[in-house]
Amino acid sequence: MPARLTTGAQTMSSSVEPHINSRCSQYPGSEIKRFPVPDDKVDWTTDWPQYTPVNYTSPSVTKRPPWADPGIGSFTPHFNTLDAAVDRTSFEGDYRLEQGKPQNPRGRTGLTGRGLLGRWGPNHAADPIVTRWKVDARGQKMPHPVSKQPVLQFVSIKRRDCGEWAIPGGMVDPGELVSLTLQREFSEEALNSLNATAAERADIRARITQLFNTPGFLVYQGYVDDPRNTDNAWMETVAVNFHDDTGDSVSELPLEAGDDAGKVGWADVDSSFPLYASHSHFLEVVAKERHAHW
Ligand code: RP5
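The numbering used here puts the last residue of the sequence shown at 946; the count rises by one with no breaks.
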């Protein structure tokens, strides 16, 4: 079986909505424009003989084995299963193969090939959502002025590739347990930006380990509406919330304020804060679960 999360975490089902970022005209990091796919043509079951998607795989991908697969035809991948250490199963169920290539389970994207993604089919990521309560100088929870509900804050990073704020997620390495990916990615993002002594770093690392050893709340597992998705390659993630309820654990991490100048910081969980890919949806689930402002 693939290395899936096995904590005592709860889960919440997600509704299937047509992807939007995956059809955004300008393909990231390139001059490529997708073939336009209107809402009523996203579904593969809708006959559309005029569909002539652009084919694109970034040269940066083909230069990165073993992170990236070779081209179809030059290797023999085993789809819909654990292929050696590479997890080619999908949270969306078995995906179809068209002319030997995986077909995006959420429909057309206007682009074939892999774009910027390394794997044909699902590309598995993990998203650690680390939260604390927003408190005043006396340590009292601060209710939102409009909703009157307490406000959560989460650790957010500014992505280098697009400049958008995001959850500090990353790719699951072949054979890696998702629980390890969650902690590794968070530690890399949170620690790399810090001006801290070796002793401070050791303390921070210990706090992170302690928090990630508590059972998280499994927020979501499945397809991500990521702007890098294509007809043949797409992002999937496991998003887990680790919450420092008492504020005496990772809440004290000396991160930069969450403004545009910083690369990592505590940001208020609020529906008006634009986030990368499907990340806003994940935070909405967290806010509802913890009866917080959204
Ligand atoms: C998103 O891309 C996932 O939700 C995750 O946050 C991220 C992983 O990709 P990289 O940050 O490694 O590029 O779809």
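Just so it is clear, CB atoms sit at the ideal spot from N, CA and C, and this is done for glycine as well.
Can you tell me which of the options puts its alpha carbon nearest to the alpha carbon of residue i?
| i | options | result |
| --- | --- | --- |
| Asp855 | Pro867, Ile684, Val902 and Phe687 | Val902 |
| Trp772 | Thr728, Thr889, Gly745 and Ser799 | Thr728 |
| Ser712 | Val689, Gly770, Asp735 and Ser742 | Gly770 |
| Phe894 | Trp946, Ala885 and Phe838 | Phe838 |
| Gly762 | Ala850, Thr889 and Pro688 | Pro688 |
| Leu905 | Lys800, Asp695 and Ala858 | Ala858 |
| Pro710 | Glu744, Thr733, Val916 and Gly765 | According to the sequence as given, residue 710 is Ser; it is not Pro. Nearest C-alpha to Ser710: Gly765. |
| Asn775 | Val890, Ser677, Asn844 and Pro797 | Val890 |
| Asp897 | Leu870, Ala944 and Ser831 | Ala944 |
| Leu832 | Pro780, Ser674, Pro797 and Cys676 | Pro780 |
| Leu870 | Ile672, Glu828 and Val937 | Val937 |
Output the distance between the C-alpha atoms of residue i and residue j, rounded to the nearest integer angstrom.
| i | j | result |
| --- | --- | --- |
| Phe731 | Val787 | 48 Å |
| Leu907 | Met887 | 28 Å |
| Glu683 | Leu935 | 32 Å |
| Pro926 | Gly868 | 24 Å |
| Gln873 | Ala848 | 34 Å |
| Pro717 | Val824 | 15 Å |
| Pro690 | Gly767 | 20 Å |
| Glu941 | Arg784 | 14 Å |
| Thr733 | Arg758 | 19 Å |
| Ala851 | Asp900 | 18 Å |
| Asp735 | Gly745 | 16 Å |
| Asp912 | Leu846 | Because the pLDDT of Asp912 is 46, which lies under 50, any placement of that residue in the model is unreliable, and the question is left without a value. |
Less than 8 Å between the C-beta atoms of residue i and residue j, yes or no?
| i | j | result |
| --- | --- | --- |
| Asp877 | Ser808 | no |
| Val782 | Met794 | no |
| Pro705 | Asp883 | yes |
| Val738 | Pro879 | no |
| Lys693 | Arg760 | yes |
| Ala947 | Gly815 | In this structure the chain extends from 653 to 946, so residue 947 is not present and cannot be described. |
| Ile860 | Gln835 | yes |
| Tyr703 | Tyr679 | no |
| Trp817 | Ala919 | yes |
| Val921 | Phe806 | yes |
| Phe743 | Tyr928 | no |
| Lys621 | Lys810 | This structure cannot speak to residue 621, because the chain is shown only from 653 to 946. |
| Ser677 | Asn881 | no |
| Gly917 | Asp813 | no |
Would DSSP call residue i helix, strand or coil?
| i | result |
| --- | --- |
| Ser666 | Since pLDDT at Ser666 reaches only 45, below the 50 mark, its modelled position is unreliable, and no value is offered. |
| Ile860 | helix |
| Ala737 | coil |
| Asp912 | Residue confidence for Asp912 is low, a pLDDT of 46 falling below 50, so the modelled location carries little weight; the figure read from the coordinates is stated next. Reduced to three states, the DSSP call for Asp912 is coil. |
| Leu769 | coil |
| Asp896 | strand |
| Val803 | coil |
| Gln792 | coil |
| Gln751 | coil |
| Trp696 | coil |
| Ala944 | coil |
Any chance the region 851-870 sits against the region 742-762, with 3 or more Cβ pairs inside 8 Å? With the cut-off at 8 Å, the region 851-870 and the region 742-762 do not touch.
Within the chosen definition, does the region 718-732 reach the region 780-800 through at least 3 CB pairs nearer than 8 Å? no
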